[in-house]
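This note's numbering puts the first residue of the sequence shown at 2, with every later residue one more than the last. Ideal Cβ placement from N, Cα and C applies to all residues, glycine included. Keep in mind the model is a prediction, meaning the values are calculated, not measured.
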Amino acid sequence: MNKNTKRKPAASAGKESMTISFKALRENTQLRIVAGIALGVVSIYILCAMIGFFFSGGVDQSLVDGPMGKIITNPRVTANNPTGKLGAWISDLLINRWFGLPSFILCYLLMLCSFWVSGIQVKRFGRRLFIGILMVLWGSLLLGFATESAAKLLDAGTGYLFPGGGHGYFLSIWLNALIGRVGTILLLVFTFVIILFFGFEQTFYKCVEYVKEYLRKRKEKKMQALQTQLAAEEEAAMREAWNSGQEEGWEELSDEKPPVPQEELPRTEMETPDELPLPEMLQPTKDTEEKSIEEEKTDWYAPTEEENPEFTPHPPREEDEEEDEDPTLDVHRRQEEEKVERNMAPEEEYDPTLELSHYEYPPLELLEEHAAGNPKVTQEELEENKDKIVETLRNYKIEITKIKATIGPTVTLYEIVPAPGVKISKIKNLEDDIALSLAALGIRIIAPIPGAGTIGIEVPNQNPEVVSMHGIIASKKFQESKFALPVALGRTISNETYTFDLAKMPHLLVAGATGQGKSVGLNAIITSLLYKKHPSQLKFVMVDPKKVELSIYSVIEKHFLAKLPDEDEAIITDTTKVVNTLNSLCIEMDTRYDLLRDAQVRNIKEYNEKFIKRQLNPNNGHRYLPYIVVVVDEFADLIMTAGKEVETPIARIAQLARAVGIHMIIATQRPSTNVITGIIKANFPARIAFKVASMIDSRTILDSPGANQLIGRGDMLISVNSEMTRVQCAFVDTPEVDAITHFIAKQQSYATAFALPEYVPEGEAGGGFNEADLGQRDGLFADAARLIVSSQQGSTSAIQRRFSIGYNRAGRIMDQLEAAGIVGPYEGSKARQVLITDEYSLEKMLNES
């Protein structure tokens, strides 16, 4: 029993070693290349042997018919084939005994196999191999059938050479006896159709299209020739009818006797000698007869100048010109058509970029290439990690059937397929053991990979690659994206550019420990938006309590930034101003919803499309709405200092602002539950997690572990609707951002930054304010009154646009105008009625007050 028990492990170990060695040979790239070259050499050798057969086959026939030992071992026996005795024997075997002339296709198939074995990609290799073998068999049978039929027809032998080889000749005889010649022919036709459809499908359809095109052109030429012939016959018939009618008319007119003086005859400007006798023949004796002759001519006279080019019409008489109203009617009809076309012409669309029509997008040269862009993972590293993973799993009696590696910029994903019966949880619990065996930090196991049916083991690379923002911006996926707010963050494990549409997120939460790439990630998001959007299409509201992270964007204030009307700095650093700005964004959000309601649309995209097509009247307060992206850095500091005053407007914006084009990006380095509250998490479905210290922090951000196993330096997890993706963030350095912002700042800009609605806190509103009290009137009261009276339109939005003030301040000015008796009361969506009709009365009233 002890001996038997000892032998079984030895046998199984030997079996396993053979399996491993066979797999190692199969996966050895060098061995595959050598095998592919060997197959190619054999293919060329056989091709030369078969070509030499046609020159020396008859001479070497007696040699190859002899025993194999005589051919191989006796050096005195030589062959005339240039490839020697072996080539003579192989060529005789293939051409004479097997498949005949179609054997040359076998050389092509061997060459395809050499490419495939050596690792060169061959398109549709399996189909080509199958069709090639089928063509060899079909060609051999076809030539054998033709040879056998010709031999019977001529009552002669075929000699020693069969064009279809022995296979084709004897198979043809057997088929003729079994299914007859008709059946053999049908079998050949059927096989040919299979080869044609499955092997040369594209060529077949191209030929069919070429034949169809040729027949169509030929038909068109025939139709054109037929139309030309019919037109010529019709023209000839009309000329013949005209000539016959002309002769009859001259005969009738020739009976008239009294001539008419030549001075009364109508003539053309150019007269020829042939035309001179005609007037004497055309003049009748009486006026009544002349009238009847003109009526008779009108009855048969039909051809126009186009139908008979030889005919020169006589100039019409003055009576005919007075009676003919057709030219006037034609001119009137053409004027009506032009008027209709003018009314139907589409109105020119509104272009929001015209105000900065010469704006140039930042060029790619402003970004640096920090890396070559190729993975720096060697084959030895991959093999070593694979062996360690397999060995660690086998130590715990876990067998795998397949393993695959996907190389990323900083992490390599090893996908394994466990043997049947292995529990996934058993592999997942070995996370620390695999990390120990690989001596690597940040091993992450994905069990299972969604939609793949495999288990993923993410192992950090020994030499991680720096993903450059230059390559991300220059990628085809980002350049050709049609997103409303395209953002390119970096590269995935499969080295694909990761892009998303911020407008569909619709808000983004970014969290991670200090120094793990959070600020670089924010710069990457802002940079990608600057590279794709025009200043008229996008505005930023930047909140930076640290005062140094986002200050680099202050130079593009008049291009891309939005702020409160009375603020001096566009980058908001004071907590009080942050609260006012967020509440102002809530007012802007409500105003935009009112505009969407009046326009009867559901979102900003539909509203802007209507406005661009000039279906909305700016005089009714409508305007082009740019997207607004709110970037809040160090959100934890705001929560500590302001608390609910900040959280409440952020929650309102996150809940409602998506449809009106206001989106938020919140970043924090302290992902605790008192900072990322339930209200924030509920309204921020898209989250980015950089490396954090503990699994609790990872669950706080992503609702799942994993962020604590990242390797840092831009390595991050992106969760969008519970779908997790690991991405290496693109690196954009501060000098690059500085170059981009200064390139934009040097160009023509707007007069001021984008003005947000004015917000006045409740404590500063002044409880007993009386609009009728002249001492408390706004400083712009007189100018606004002159604007309203001169335009005779009591519109609050007109005051807001003209003086670049907030909506609340413009509304208060309008209330003061109402109290002063300049405009009427509020009438809903309609403009207020202007009670003063002229500027003189207004100036008199202002001077008296």
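Sub-8 Å separation of D698 and N684 beta-carbons: No, they are not a contact pair.
Proximity of I605 and A660 at Cβ, strictly below 8 Å: Cβ distance < 8 Å, so I605 and A660 count as in contact.
Beta-carbon proximity of T574 to V738, cut-off 8 Å: No, the Cβ-Cβ distance between T574 and V738 is not below 8 Å.
Euclidean distance between Cα positions of K845 and A821: When rounded, the separation of the alpha-carbon atoms in K845 and A821 is 13 Å.
Three-way DSSP call (helix, strand, coil) for F105 in this model: Helix.
Run of the beta strand (DSSP E) containing H664, from where it starts to where it stops: Its beta strand (DSSP E) spans residues 663-669.
Segment limits, alpha helix (DSSP H) that includes I557: For I557, there is no enclosing alpha helix (DSSP H), as DSSP marks it with neither H nor E.
Spatial distance of N848 from A786 (CA atoms): One C-alpha to the other measures close to 13 Å.
Proximal residues to G834 (C-beta, below 8 Å), its chain only, five neighbours per side dropped: Position check: residue 834 holds Gln in this sequence, whereas Gly was assumed. Taken in chain order, the residues that qualify are G795, V824, G825, E828.
N- and C-terminal bounds of the alpha helix (DSSP H) containing D698: Element bounds for D698: 696-703.
Bridge partners - P461, DSSP secondary structure assignment: V412, per the DSSP bridge assignment.
Burial state of Q225 (16 or more Cβ within 10 Å): When all chains shown are included, Q225 counts as exposed.
Residues that DSSP places opposite G795 in a beta bridge: Paired residues: R833.
Spatial neighbours of L111 in its chain, beta-carbon cut-off 8 Å, leaving aside the 5 residues before and after: The residues are L40, G41, V43, S44, I47.
Cβ neighbours of G812 in the same chain (closer than 8 Å, five flanking residues each side left out): The beta carbon of G812 is closer than 8 Å to those of T797 in its chain, skipping five residues each way along the sequence.
Identified DSSP bridge partners for V43: Note: V43 sits in no beta bridge, so no partner.
Contact set for F484: own chain, Cβ-Cβ below 6 Å, skip 5 residues either direction: D502.
Every unbroken alpha helix (DSSP H) within the segment 446-526, with a cutoff of 4 residues, ordered by chain: List check, alpha helix (DSSP H) in window: 470-475, 477-480.
Exposure of Y760, with buried meaning 16 or more beta-carbon neighbours within 10 Å: Burial state of Y760 is buried, judged by a 10 Å Cβ sphere holding 16 or more other Cβ atoms.
Proximity below 8 Å, CB of I572 to CB of A731: Result no, Cβ atoms of I572 and A731 do not sit closer than 8 Å.
Beta bridge counterpart(s) of P419 as assigned by DSSP: Listed as beta-bridge partners of P419 by DSSP are I401.
Given N809 as reference, the closest of E589, E607, I719 once Cα atoms are compared: The shortest C-alpha to C-alpha distance from N809 to any of E589, E607, I719 is the one to E589.
Residue interval of the beta strand (DSSP E) (run including S726): According to the sequence as given, residue 726 is Thr; it is not Ser. From DSSP, the beta strand (DSSP E) with T726 extends over 724-730.
Opening and closing residue of the alpha helix (DSSP H) in which A436 lies: Here the alpha helix (DSSP H) through A436 covers 432-439.
Residue range of the unbroken alpha helix (DSSP H) whose run includes L818: Per DSSP, the continuous alpha helix (DSSP H) segment holding L818 begins and ends at 808-820.
CB-CB length for N97 against G53, believed under 8 Å: 13 Å between Cβ atoms; not a contact.
Which listed residue (K682, D734, D716) has its alpha carbon closest to that of S723: Comparing alpha-carbon positions, the option among K682, D734, D716 lying closest to S723 turns out to be K682.
Cut-off 8 Å between Cβ atoms - residues of its own chain near Q670, not counting five sequence neighbours on either side: So the qualifying residues of the chain are A512, G513, A514, T515, K519, E635, A637.
K564 burial status per 10 Å Cβ neighbour count (16 or more: buried): Under this definition K564 is a buried residue.
Start-to-end residues for the alpha helix (DSSP H) that takes in R778: Careful: R778 lies outside any alpha helix (DSSP H) and carries neither H nor E.
Distance CB(V556)-CB(V632) smaller than 8 Å: It is not a contact, given that the beta carbons lie outside the stated cut-off.
Beta-carbon proximity check, F744 vs P363, cutoff 8 Å: In contact: F744 and P363 (Cβ atoms closer than 8 Å).
Same chain, Cβ closer than 6 Å to N81, neighbours up to 5 away in sequence not counted: Same-chain partners within the cutoff: S57, V60, D61.
8 Å Cβ cutoff met for H471 and Q749: Contact flag unset, no.
Collapsed DSSP secondary structure at F770 in the structure displayed: Below a pLDDT of 50, predicted positions are generally treated as unreliable, and F770, at 41, falls in that range; no measurement from the model is reported.
Per-residue DSSP class, three states only, for D595: D595: helix per DSSP, three-state reduction.
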